[in-house]
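Below is one structure; the comments refer to it alone.
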Amino acid sequence: MNIAVIGTGYVGLVTGACFSELGVNVTCIDKDESKISSLRRGIMPIYEPGLEELVEKNVKQHRLSFTTDLKEAVERSLVVLIAVGTPSDEQGNADLTFVKEVAASIGSSLNEYKVVVTKSTVPMGTGKMIRSIIEEHRPGRTEFSVASNPEFLREGSAVEDFMRPNRVVIGTEDSQAAAILRDLYRPLYLIETPFVITDVVTAEMIKYASNAFLATKISFINEIARLCDALGADVHDVARGMGLDNRIGRKFLHPGPGFGGSCFPKDTLAVLAIAQSAGCEMKVVKAVVEVNEGQAPLMLGKIRGVLKEPKGKVAAVLGLSFKPNTDDIRESPALKIIDGLQREGVKVRAYDPISMDNARQVLHGVEFCNDEYSTVEGADVLVLVTEWNQFRALDMKRIRGLMRVPAVVDLRNIYDPEEMRRLGFTYRCVGRRSVESS
Ligand code: NAD
Numbered sequence: 056m057n058i059a060v061i062g063t064g065y066v067g068l069v070t071g072a073c074f075s076e077l078g079v080n081v082t083c084i085d086k087d088e089s090k091i092s093s094l095r096r097g098i099m100p101i102y103e104p105g106l107e108e109l110v111e112k113n114v115k116q117h118r119l120s121f122t123t124d125l126k127e128a129v130e131r132s133l134v135v136l137i138a139v140g141t142p143s144d145e146q147g148n149a150d151l152t153f154v155k156e157v158a159a160s161i162g163s164s165l166n167e168y169k170v171v172v173t174k175s176t177v178p179m180g181t182g183k184m185i186r187s188i189i190e191e192h193r194p195g196r197t198e199f200s201v202a203s204n205p206e207f208l209r210e211g212s213a214v215e216d217f218m219r220p221n222r223v224v225i226g227t228e229d230s231q232a233a234a235i236l237r238d239l240y241r242p243l244y245l246i247e248t249p250f251v252i253t254d255v256v257t258a259e260m261i262k263y264a265s266n267a268f269l270a271t272k273i274s275f276i277n278e279i280a281r282l283c284d285a286l287g288a289d290v291h292d293v294a295r296g297m298g299l300d301n302r303i304g305r306k307f308l309h310p311g312p313g314f315g316g317s318c319f320p321k322d323t324l325a326v327l328a329i330a331q332s333a334g335c336e337m338k339v340v341k342a343v344v345e346v347n348e349g350q351a352p353l354m355l356g357k358i359r360g361v362l363k364e365p366k367g368k369v370a371a372v373l374g375l376s377f378k379p380n381t382d383d384i385r386e387s388p389a390l391k392i393i394d395g396l397q398r399e400g401v402k403v404r405a406y407d408p409i410s411m412d413n414a415r416q417v418l419h420g421v422e423f424c425n426d427e428y429s430t431v432e433g434a435d436v437l438v439l440v441t442e443w444n445q446f447r448a449l450d451m452k453r454i455r456g457l458m459r460v461p462a463v464v465d466l467r468n469i470y471d472p473e474e475m476r477r478l479g480f481t482y483r484c485v486g487r488r489s490v491e492s493s
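With this note's numbering, the residue at position 335 of the sequence shown is 390, and numbering never jumps.
Structure (structure tokens):
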């Protein structure tokens, strides 16, 4: 089968590479010429574990190629996947400019029957809109089907998630399209991946409901952590005690600086905007967003509490990506925290294993360092923002010797408060007893 994937970002590139690995002929399309020409030279536009090897192998075996020529790629494909960005607009709505642009181009390239599939996260009703845009632009009355196939991969483990998904959701009103998509996903069908086959609007809703729910778990545990801080309870034990109940589950019960990344913040806002135009009030999701917006200021309060007089002090920030194993800094809590520190006159030194090139484009006045240890030199506080594995077992004795003041604000609760006290640190964390240096 020949397929086209339009939009070669985190989702499009992973989807294209993984389908080609499963034996499908894939053309990845992007309007960003420099991205496509880099990919043709074997240079990855993003960091994602295992992706580079997959791309290299499948390009060599002629199952994967890259182009900016949408028309030609669509013409020779039976399935056309849309994986362009759907960022938030100023009111929090999903901005569908790119989706509309692509639907029009698909329409004018429609030479024979195709299944047009939305992988981008789009508001309920977008499938219908795509259908009418294609109808408006197609030459003659060429037949086509529209389907929704929302993507659930997580950055940082995207290849693994794509190859071993918890489920595949396919929304279409058309049995021919459902059969073609089932065929496309046959290798996953064979390993008994559950499939949810439904209509388009329900599939679109499943994606938003899933992300809103996961975001709810995070805001929920962050709120519980606030209460633990106030009452002296230990949120780790609370989360474990809760999570061992199978009805609750242990995942996504990690307190921290709030959720970030390219999905949860924009998707929760989109749910609220969609609900508002449908005349529905979503009280839970609203609270989830509010709690999340309060997390960065709360974390800044913890740092301020350690620095006392922030102006002129030096903060060493470890971790800039919104989570480990990705170079994605979109909506990363680290950016908010750095901005807050700089506003209070704190000098920021920072290090991240992978995302510093991206961070340099948006952060100004930050001193980027070469590793963890050079970052903390002369610092008044070490702020751990992203829990990269290499930050989990730092040589804390060495760090204490390098810092001007031995103080750690650990926003991911990586370290043990008692151990930190024993090592002579003032240590603040999230929802667990903080300790003063002795
Ligand atoms: P991205 O910004 O990394 O990539 C989008 C790509 O689309 C860019 O390379 C852009 O140049 C390209 N593009 C835009 N308009 C185009 C056009 N007219 N023609 C060709 N290419 C065009 O975005 P992403 O993170 O991959 O997200 C894509 C969609 O998938 C979003 O709706 C997002 O919500 C959803 N999603 C993302 C993730 C994730 O973890 N990143 C997970 C699940 C779902």
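The C-beta atom is built at its ideal place from N, Cα and C for all residues, glycine as well. As the structure is a computational prediction, the values presented were derived from the model and not from experiment.
Backbone secondary structure at residue i - three-state DSSP
| i | result |
| --- | --- |
| D407 | coil |
| R494 | Because the chain is modelled from 56 through 493, residue 494 falls outside the range shown and cannot be assessed. |
| G313 | coil |
| K402 | strand |
| V421 | coil |
| A288 | coil |
| N57 | strand |
| I303 | coil |
| A448 | coil |
| M337 | coil |
| F217 | helix |
| K262 | helix |
| F377 | coil |
| E474 | helix |
| D394 | helix |
| R455 | helix |
| R295 | helix |
| G349 | helix |
| G356 | helix |
| L308 | coil |
Beta-bridge pairing of residue i - partner residues as DSSP gives them
| i | result |
| --- | --- |
| V436 | A370 |
| T481 | A462 |
| F250 | V223 |
| P490 | Going by the sequence as given, residue 490 is Val instead of Pro. Y482. |
Distance between residue j and residue i (C-alpha atoms, nearest Å)
| i | j | result |
| --- | --- | --- |
| V290 | E278 | 10 Å |
| L269 | S132 | 35 Å |
| G211 | G195 | 44 Å |
| I29 | P379 | In this structure the chain extends from 56 to 493, so residue 29 is not present and cannot be described. |
| C318 | R237 | 26 Å |
| N221 | P242 | 14 Å |
| E130 | G334 | 41 Å |
| Y482 | A294 | 21 Å |
| V438 | L119 | 42 Å |
| G311 | D450 | 22 Å |
| E198 | A128 | 18 Å |
| T271 | K115 | 43 Å |
| K306 | E345 | 21 Å |
| F74 | M475 | 47 Å |
| F217 | Y240 | 11 Å |
| G182 | K357 | 45 Å |
| A448 | E442 | 11 Å |
| L68 | T123 | 14 Å |
| K262 | P249 | 16 Å |
| A159 | G486 | 50 Å |
| A72 | Y65 | 11 Å |
| A138 | L375 | 25 Å |
| L208 | V60 | 16 Å |
| P100 | Q445 | 23 Å |
| Q231 | G62 | 25 Å |
| N301 | K126 | 49 Å |
| L286 | L390 | 30 Å |
| S410 | D426 | 13 Å |
| N80 | K112 | 13 Å |
CB-CB length for residue i against residue j, believed under 8 Å
| i | j | result |
| --- | --- | --- |
| R404 | E422 | 5 Å |
| M179 | E108 | Actually they do not touch by this definition, with Cβ atoms about 37 Å apart. |
| N347 | G313 | 5 Å |
| A414 | I384 | 6 Å |
| V135 | V154 | So it is not a contact: roughly 13 Å between Cβ atoms. |
| I353 | A370 | Note on residue identity: the sequence assigns Leu, not Ile, to residue 353. About 16 Å separates the two Cβ atoms, so there is no contact after all. |
| V172 | A202 | 5 Å |
| V440 | P408 | No, V440 and P408 are not in contact; Cβ-Cβ is about 13 Å, not under 8 Å. |
For a minimum of 4 consecutive residues, which ranges assigned as the alpha helix (DSSP H) are wholly contained in the segment 137 to 213?
152 to 163, 181 to 192
Going along the chain, which unbroken runs of the alpha helix (DSSP H) with 4 or more residues stay wholly within the segment 78 to 141?
88 to 95, 106 to 115, 125 to 130
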